[in-house]
Structures are given as C-alpha cells and as structure tokens.
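One structure is given here, and the rest of the page talks about it.
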Amino acid sequence: MADQTRSVGWREVLTVAAVAVGVVLGAAILTSALPTDAQRVIFHTPLAIVILVVGTGFVLWRIATRRPPEP
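So for the sequence shown, our numbering puts the first residue at 1256; every next one is plus one.
Take a look at the structure:
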C-alpha cells in the first residue's frame, strides 16, 4: 500500500503567512487606536514579550499534546 502522508503545499504556506500578517496588522491598528498612556504601557514595558512567550508556550503545548491519527 502506498504511503498516504500529505505534505504541506504552497497554498497552506501562503494561507498561514496571510493570517500571520493579518494578525500583526490588526494588532498595529488596534494599538494605534489606544490612548497615548496605554500605548506607552505597551511599548515601554515587557508586556509584548510576555504575550509572545505565553502565546508560544500555548502553541508548543498544543503541538506536544496532539494525538497521532488513528491507523
């Protein structure tokens, strides 16, 4: 029987890239709409680093705990 694993194609890569760019653009727009004091908190404290560390940890946790497909 032939190996039926599926590789990632250009369509999937471009979709993920477009979503990532959209999220960053949306965050930039939302941040620019905030009052100056709130922008100062976001840009001059380690808040962005904390959000990135927590988000990365969540993604890695989801990948690590995913069950393999049933045979």
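Don't be surprised by glycine CBs; every beta carbon is placed ideally from N, CA and C.
- In the three-state DSSP reduction, E1267 falls in the helix class (H, G or I).
- As the crow flies, the alpha-carbon of P1290 is around 34 Å from that of W1316.
- Across the structure, A1282 and A1288 are spaced so that their CA atoms are roughly 10 Å apart.
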